[in-house]
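J.: Handing you a structure now.
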Amino acid sequence: MPTARVGILTISDRGASGVYEDRSGPVIRELVTGRLGAEVVQSTIIPDDFDTIRRTLTDWADRLALDLILTSGGTGFAPRDITPEATRAVIQREAPGLVFAMLRDSLSVTPHAMLSRMVAGIRGRTLIVNLPGSPKAARENLETILPALPHALELLRDDPAAERGHQASTG
Numbered sequence: 010m011p012t013a014r015v016g017i018l019t020i021s022d023r024g025a026s027g028v029y030e031d032r033s034g035p036v037i038r039e040l041v042t043g044r045l046g047a048e049v050v051q052s053t054i055i056p057d058d059f060d061t062i063r064r065t066l067t068d069w070a071d072r073l074a075l076d077l078i079l080t081s082g083g084t085g086f087a088p089r090d091i092t093p094e095a096t097r098a099v100i101q102r103e104a105p106g107l108v109f110a111m112l113r114d115s116l117s118v119t120p121h122a123m124l125s126r127m128v129a130g131i132r133g134r135t136l137i138v139n140l141p142g143s144p145k146a147a148r149e150n151l152e153t154i155l156p157a158l159p160h161a162l163e164l165l166r167d168d169p170a171a172e173r174g175h176q177a178s179t180g
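Below, the structure written as structure tokens:
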């Protein structure tokens with residue numbers, strides 16, 4: 010599989026205004042470069058603003074043709090937590106299995122995981138996954154789905170290796 014091209018989008022009013030240092034973005038970068046062997050080609054911090062999130066996700070998926078976009082932040086119950094809504098406005102197909110796996114594993118760590126409203130889905134050939142804003146939760150959730158990401162990206166690329174992977178797993 011060719012090296013995956015990844016974007017990391019941190020969504021935080023305080024982070025975008027320089028009041029808060031982004032600690033989740035570097036954690037995500039470390040995992041995708043070290044464990045996934047991916048190249049982070051785009052990374053930024055934006056405020057919790059529906060149109061800004063929607064425009065950024067659309068631009069990165071359509072113009073930059075990234076393989077994977079990982080968002081961090083804006084997935085809770087606070088009034089300005091609108092990342093899932095903006096993500097749903099962009100994706101064409103949901104990927105609920107990724108969210109289920111993240112919630113399943115997170116619930117074994119804390120009951121507060123049930124308050125997460127993460128979304129995962131596909132726009133064109135780009136997989137978009139919402140992660141929590143906390144560095145610890147972002148790490149734990151990304152570690153849960155990392156084993157499935159190479160195959161997911163092969164499938165989105167219509168890579169012949171994906172078919173070989175199916176044959177090997179089904180015997």
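If you count the sequence shown from 1, you need to add 9 to reach the numbering used here.
Just so you know, even glycine gets a beta-carbon here, dropped at the ideal spot from N, CA and C.
Hey, how far is the Cα of P93 from the Cα of P169?
T.: Numbered from its first residue, the sequence shown carries residue 93 at position 84. Numbered from its first residue, the sequence shown carries residue 169 at position 160. Distance between the alpha carbons of P93 and P169: 32 Å.
J.: Could you check how far apart the C-beta atoms of P54 and S21 are, in whole angstroms? I think they sit under 8 Å.
T.: Taking the first residue of the sequence shown as position 1, residue 54 is located at position 45. Taking the first residue of the sequence shown as position 1, residue 21 is located at position 12. The amino acid at residue 54 is misidentified as Pro; the sequence shows Ile. About 6 Å; that satisfies the 8 Å criterion.
J.: Which class does I131 belong to by DSSP, given the choice of helix, strand or coil?
T.: Position 122 of the sequence shown, counting from 1, holds the residue named residue 131. Note: I131 maps to strand in three-state DSSP.
J.: From V36 to L140, what does the alpha carbon distance come to, in whole angstroms?
T.: On the sequence shown, residue 36 is found 27 positions in, with the first residue counted as 1. On the sequence shown, residue 140 is found 131 positions in, with the first residue counted as 1. Their Cα atoms are separated by approximately 12 Å.
J.: Which one or two residues does DSSP pair with Q51 in a beta bridge?
T.: As a working note, residue 51 is residue 42 in the sequence shown. According to DSSP, Q51 bridges with G16.
J.: Assign L2 to one of two classes, buried (16 or more other C-beta atoms within 10 Å of its C-beta) or exposed (fewer than that).
T.: No information on residue 2 is available, as it lies outside the stretch 10 to 180 that the chain covers here.
J.: Please state the DSSP three-state secondary structure of R102.
T.: Within the sequence shown, numbered from 1, the residue matching residue 102 stands at position 93. Correct three-state label for R102: strand.
J.: Which residues in the same chain as E48 place their Cβ atom closer than 8 Å to its Cβ, once the five residues preceding and following it in sequence are excluded?
T.: Translated into positions along the sequence shown, residue 48 becomes position 39. Here the set comprises T12, A13, R14, V15, T42.
J.: Looking at the unbroken beta strand (DSSP E) that takes in S81, where does it start and where does it end?
T.: Position 72 of the sequence shown, counted from the start, is the residue given in the question as residue 81. Counting along the chain, the beta strand (DSSP E) containing S81 begins and ends at 77–81.
J.: Can you round the beta-carbon distance between T1 and L18 to whole angstroms, since I take them to be within the 8 Å contact cut?
T.: Residue 1 is absent from the model: the chain starts at 10 and stops at 180.
J.: Put V28 into one of helix, strand or coil per three-state DSSP.
T.: Position 19 of the sequence shown, counted from the first residue, corresponds to residue 28. In this structure, V28 counts as coil in the three-state DSSP scheme.
J.: Within 10 angstroms of the Cβ of E149, are there 16 or more other Cβ atoms? Answer buried if so, exposed if not.
T.: For the purposes of this step, residue 149 is taken as residue 140 along the sequence shown, with counting starting at 1. Buried: at least 16 other Cβ atoms inside 10 Å.
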